[in-house]
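In our numbering, the protein residues as written are 182 to 250.
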């Protein structure tokens with residue numbers, strides 16, 4: 182999750198984004214640090230609307246499958 186990068190581009194703080202999107206600072210912080218397993222589409226849409234970005238700008242796929250096949 183590269184939410185912090187997009188927030189820096191828009192010069193918006195966690196508190197400001199939390200207020201504008203209607204998500205608690207705690208949940209937004211967990212999202213920002215990548216400590217969540219899922220995100221609602223409505224939450225993703227609200228964040229993208231406020232940051233004027235696309236979902237791909239804040240989400241990045243990383244293959245963490247360490248199993249050998």
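For every residue, glycine included, the Cβ atom is placed at its ideal position computed from N, Cα and C.
Since the structure is predicted, the reported quantities are computational estimates derived from the model, not experimental observations.
Return the chain-ordered list of same chain residues with a C-beta closer than 7 Å to the C-beta of residue i, the five sequence neighbours on each side being excluded.
i: residue 236; result: 225 and 229
i: residue 204; result: 224
i: residue 206; result: 195, 196 and 199
i: residue 231; result: 198, 201 and 202
Is the beta carbon of residue j closer than 7 Å to that of residue i?
i: residue 184; j: residue 239; result: yes
Assuming the contact rule is C-beta atoms closer than 8 Å, residue i and residue j should be a hit. Round their C-beta distance to whole Å, please.
i: residue 217; j: residue 211; result: 5 Å
i: residue 193; j: residue 213; result: Not confirmed; about 12 Å, so no contact.
Ends of the alpha helix (DSSP H) at residue i?
i: residue 189; result: 184 to 191
i: residue 206; result: 206 to 213
For chain C, check one thing: does any of its Cβ atoms lie closer than 7 Å to the Cβ of residue i?
i: residue 186; result: Looking at the structure shown, chain C is missing, and only one protein chain is on hand.
Which same chain residues end up closer than 8 Å to residue i when comparing Cβ atoms and leaving out the 5 residues on each side of it in sequence?
i: residue 241; result: 182 and 183
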